[in-house]
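Just so you know, the protein sequences line up as chains A and B, in that order. Residue numbers for the first sequence follow the numbering used here, beginning at 1303 and rising by one. Residue numbers for the second sequence follow the numbering used here, beginning at 2 and rising by one. Glycine residues also receive a C-beta, built at the ideal position from the N, C-alpha and C atoms. Keep in mind the model is a prediction, meaning the values are calculated, not measured.
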Amino acid sequence: MDTILEMRNITKTFPGVKALDDVNLKVRRGEIHALCGENGAGKSTLMKVLSGVYPHGTYEGDILFDDQIQSFRDIRDSEDRGIIIIHQELALVPLLSIAENIFLGNELSENGVINWPKTFARTTELLAKVGLREAPNTLVTNIGVGKQQLVEIAKALSKEVKLLILDEPTSSLQENDSQKLLDLLIEFRKQGITSILISHKLNEISRVADRITVIRDGRAVSTLDCHEGQISEDDIVKDMVGRDMAHRYPERTPNIGGTIMEVRNWSCYHPLHPTQQLIKNVNIDVAAGEVVGIAGLMGAGRTELAMSIFGRSYGLNISGEVLMHGKPVDVSTVERAIAAGLAYVTEDRKEMGLILDESITTNITLANLPGVSEHGVLNDGAERGVAEDYRKKINIRTPNVAQKVVNLSGGNQQKVVLSKWLFAGPEVLILDEPTRGIDVGAKYEIYSIINQLAADGKGVIMISSEMPELLGMCDRIYVMNEGEMKGQLAASEASQEKIMRMILKG
Amino acid sequence: MSETSSKNIGYYLRTHTREYGMVLALVAIMAFFQYLTDGVLMRPVNLTNLFLQNSYVIIMAVGMLLVIVGGNIDLSVGSVVGFIGALAAVMAVQWGLPTIIVVPACLIVGALIGCAQGYWVAYWRIPSFIVTLAGMLVFRGLTLTLLGGASVGPFPENFQLMSSGFVPDIFSGMIDGRFNVFSMVIGIAVAVILPVLGLRSRAKQARFAAVEEPMAFFAAKHAIAGLAILYIAFLLSTYRGLPNVLIVMAVLIAIFTFITNSTTIGRRIYAMGGNEKAAQLSGINTRRLAFLTFANMGMLAGLAGLVFAARLNTATPKAGIAFELDVIAAVFIGGASMSGGVGKIIGAVVGALIMGVMNNGMSIVGVGIDWQQVIKGLVLLAAVIFDVYNKNKA
């Protein structure tokens, strides 16, 4: 089979760190080649070398593309050869239209004057190719993340793409959007476009990939061919972490006590469209020592439910009742919700969970400053003591708790967020996508922390878009769709199919 | 042991380049002008003037730091200085009210002005740039209205003392000549108290965890600061003693350093500026905090207005024009971040002193007002570039 890309003996050194160590990668023409590895393994660095972000001369080794040695000076060079990379963080301008975004920097123009009819016509063509039914003049801000991802792909297609690189394309997508995107990759394969797919989600990889290269600690440790026999997810995980992970979810013997929290007839309306009801008479409850999951698709209203309960942080015209130990409590502000014994770990760690430029210590004590102060005066000794305590207890990997949170890896950042809420001393923790963007090894640690919380008698509500995670962790799973609670399943009887069926039945 | 401790010092220096860099820059600038002016800069008379001239900038920089750390800005402070000065003149000169009533009344009005602006910023989410730009115009206009377009003065004697008074020498005559013994005693007391407080806080920290700042560093810092305080107190004592304004400033700096470093409210302001959403979701009432920073700023602008009017001994319609720029520049030179969440009181004070020493030094040397502006502008830019460079390096 014909090789489109060969990266030979690539070594890339940063001051003090060898990010890539003699990596070899061969991609065949027309295949979907998956690249996996833990965070920081070197996948993104490798792709930055390939796309010219790190120009020729800053690394050792050779890149052969279409049998020629390439020396890219920047992204433009690699794009001219047909190598297009779509980054994890989408690079779209929200307040420009789809058409404007697709041709940004590459406008269809004569002497600097944009030819709008031609632009719209080409956009319509491209949108048809990626299966997106939106008008070309729709503003990007008005479409969902899944559709935005498709716009990015349409943008790539507008540039005569030969090799499409997708960096974690489904990390912020829901199940059905992810499926659509993967189908699109398969469609591209039929048309002869080669793709490199970087992903954490092993089930997706095993579904679409022809071959898989696993990268660990800056080395390509193995290349697996999916057409030669069955490759199990455990094989991949083993190569990724360099150790056997037979149990992806830590063992736990549930010890479930009495009900702690009940939410009754909870309703909430959209903050900008006050007639649109987002949450419709939802009832949930959680008991001491119980891990309860909420499954659902994007837009099901799970985050909206959690945030509206937690101090009315989202939505309008909120109604309903929250009971703790059978007694109604006031959760009308975040302060009161915390006082009532609730904690909410946000879905978006960086935007809503952490103060990135502050230290680990400052972040951990933020939700319970009275716990480290007297009459409003902070005791910095006590504060550091608390931070040290959590660093040891839940294993935050850092030389120093004075370290800024921005310098930590995703998994360690999440541990800081969890520490913050543990220090606030809640009885019920609502965890919204607690393992998003975290690598396999760190996920296991987060799961262990969750299990420990349950063992300590706290109630845990876990919102997750990864169904295997819910099935692996929860005692009971609620299924939500379009703002309504569709039902619940006990862990023993739940399966992905049953959950999907419950969602789709309506 | 010695190897790790020297490593610690290196690490500490690298992570705190910004803070010590500013102080070093101030010292270098002072040495430079001391040389250029043949020693005029540090003469007791000039040193006294330096503090008097810059007192109102420092007073406002302290409040502005909180506003900027909280993620906002206040452009109206120059106009509020003018307005409060005019109000004080109307009350004291035209209505003949005693100083004891005029001063608190003016501070309250200043705080109310801050509340009025803070209300729109905090509870209506109108950008502070716009609210305070409006305030800048409104209060400049009201200043003119109050004064009827003319200067009003002079102020009663005891009002002037706020700015031109000195700490009385209760030990007068102990040393012959014009040496203010009491001022020197205050200087010595401060030089002793600071390291004692520092040691106490280290001891408190050590009880729970390892102290971050290396001991050698702590000792050197306090030795240098102590000597500087003693030297300045000595110089000032040989002239007329410590100016009253300097005492006011020192107290404000102490109070606000304490608030920002050691209180929950201070910590919450930094959290709000660092990430407002995360702060809200941690149970912090960010609206009330933003409101309070503006109320505080208004009151301090009122105080600055009183000090400035007392110093000129008259209220003029032009008082306070462009002060907001000096104050904001001082805060940014002092290392605060435009996006909020970062900045220190001592940084803002050092920033104000850098601007003040440059103004004063360049005037003595005879640099024209035109070039003074150019140089000050470039220093502001250089300080911020230094910040960004440091951040990118890290």
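> How many Å lie between A32/B and G362/B at the Cα?
Replying inline: 10 Å
> Which two residues bound the contiguous beta strand (DSSP E) that contains R1778/A?
Replying inline: R1778 to N1783
>> Short of 6 Å in beta carbon distance, which residues of its chain neighbour I1455/A, apart from the five on each side in sequence? Order them along the chain.
In response: V1432
> What residues of chain A sit near T294/B, judged by a beta carbon separation below 7 Å?
Replying inline: Those do not exist, as T294/B stays about 16 Å from chain A at its closest Cβ, beyond 7 Å.
> Anyone know if the C-beta pair for V82/B and F160/B falls short of 8 Å?
Replying inline: no
> Is the distance from the Cβ of Q1798/A to the Cβ of M1769/A below 8 Å?
Replying inline: yes
> M1547/A by DSSP, collapsed to three states: which one?
Replying inline: Because M1547/A carries a pLDDT of 48, less than 50, the predicted location of this residue cannot be relied on, and no value is offered for it.
>> I want to see whether chain A comes within less than 8 Å of A181/B, judged by CB atoms only; does it?
In response: In the sequence as displayed, the identity of residue 181/B is Asn instead of Ala. Taking Cβ atoms only, chain A never reaches closer than 8 Å to N181/B, which makes this a no.
>> Let's test the definition: count the other Cβ atoms within 10 Å of the Cβ of T1577/A and tell me whether it reaches 16, buried, or not, exposed.
In response: exposed
> For M1547/A and chain B, any beta-carbon pair shorter than 8 Å?
Replying inline: Reliability of the predicted coordinates at M1547/A is poor, the pLDDT of 48 falling under 50, and the value obtained from them is presented with this limitation in mind. It does not; no Cβ of chain B falls within 8 Å.
> Going by the C-beta, is P196/B closer than 7 Å to any heavy atom of the ligand SAM?
Replying inline: The ligand content of the structure shown is nil, which means the ligand SAM is not present either.
> Taking the alpha carbon of N167/B as the point to measure from, which residue in T144/B, L237/B and L88/B has its own alpha carbon closest?
Replying inline: Checking the displayed sequence, the identity of residue 167/B turns out to be Phe instead of Asn. Checking every option, the nearest Cα to that of F167/B belongs to L237/B.
> Are there 16 or more other CB atoms within 10 angstroms of the CB of Y1646/A, so buried, or fewer, so exposed?
Replying inline: buried
> Using a Cβ-Cβ cut-off of 6 Å (strictly less than) and excluding sequence neighbours within five positions of G72/B, which residues of its own chain qualify?
Replying inline: G274 and G341
>> Please tell me whether L1459/A and I1500/A are closer than 8 Å, where the distance is taken between their beta carbons.
In response: no
>> Can you list, in chain order, the residues of its chain with a C-beta nearer than 6 Å to that of G154/B? Leave out the 5 residues immediately preceding and following it.
In response: N314 and T315
> For E1786/A, does the three-state DSSP call read helix, strand or coil?
Replying inline: strand
>> If the criterion is Cβ atoms closer than 8 Å, does the pair V1442/A and L1486/A meet it?
In response: no
> When the Cα of P1736/A is compared with those of V1718/A, P1728/A and G1789/A, which residue comes out closest?
Replying inline: V1718/A
> Helix, strand or coil for E213/B per DSSP?
Replying inline: coil
> Any idea what DSSP makes of Y1692/A, helix, strand or coil?
Replying inline: helix
> In chain B, which residues lie less than 9 Å from T1648/A when you measure between Cβ atoms?
Replying inline: K278, A279 and L282
> With contact counted as at least three CB pairs below 8 Å, one residue from each stretch, are the segment 264-279 of chain B and the segment 44-53 of chain B in contact?
Replying inline: no
> Name the chain B residues whose beta carbon is nearer than 9 Å to that of I1640/A?
Replying inline: S283 and G284
> At which residue ranges does the segment 1696-1779 of chain A contain complete beta strand (DSSP E) runs of 3 or more residues, listed in the order of the chain?
Replying inline: 1730-1734 and 1761-1765
> Between the segment 341-356 of chain B and chain A, which residues of the former have a C-beta closer than 9 Å to a C-beta of the latter?
Replying inline: G342 and V343
>> So for D1368/A, helix, strand or coil by DSSP?
In response: coil
> Is the Cβ of K319/B closer than 8 Å to any Cβ of chain A?
Replying inline: no
> Contact check, G86/B vs N297/B under 8 Å by CB: the rounded distance?
Replying inline: 19 Å between Cβ atoms; not a contact.
> So, is I1732/A buried or exposed, given that buried needs 16 or more other C-beta atoms within 10 angstroms?
Replying inline: buried
>> Going by DSSP in three states, M1563/A sits in which element: helix, strand or coil?
In response: strand
> Between the segment 1561-1576 of chain A and the segment 1518-1530 of chain A, do at least 3 Cβ pairs fall closer than 8 Å?
Replying inline: no
> Nearest to G1407/A by CA position, among W1418/A, R1378/A and F1374/A, is which residue?
Replying inline: R1378/A
>> Let's test the definition: count the other Cβ atoms within 10 Å of the Cβ of H1627/A and tell me whether it reaches 16, buried, or not, exposed.
In response: exposed
>> With a threshold of 8 Å on Cβ separation, who are the neighbours of S1658/A within its own chain once the five nearest residues in sequence on each side are excluded?
In response: In the sequence as presented, Ser is not what sits at residue 1658/A; that position holds Leu. If we look at L1658/A and ignore the five residues flanking it on each side, its Cβ neighbours are K1652, K1706, V1707 and V1708.
> Among E1592/A, I1371/A, V1523/A and Q1579/A, which has the Cα closest to the Cα of R1554/A?
Replying inline: E1592/A
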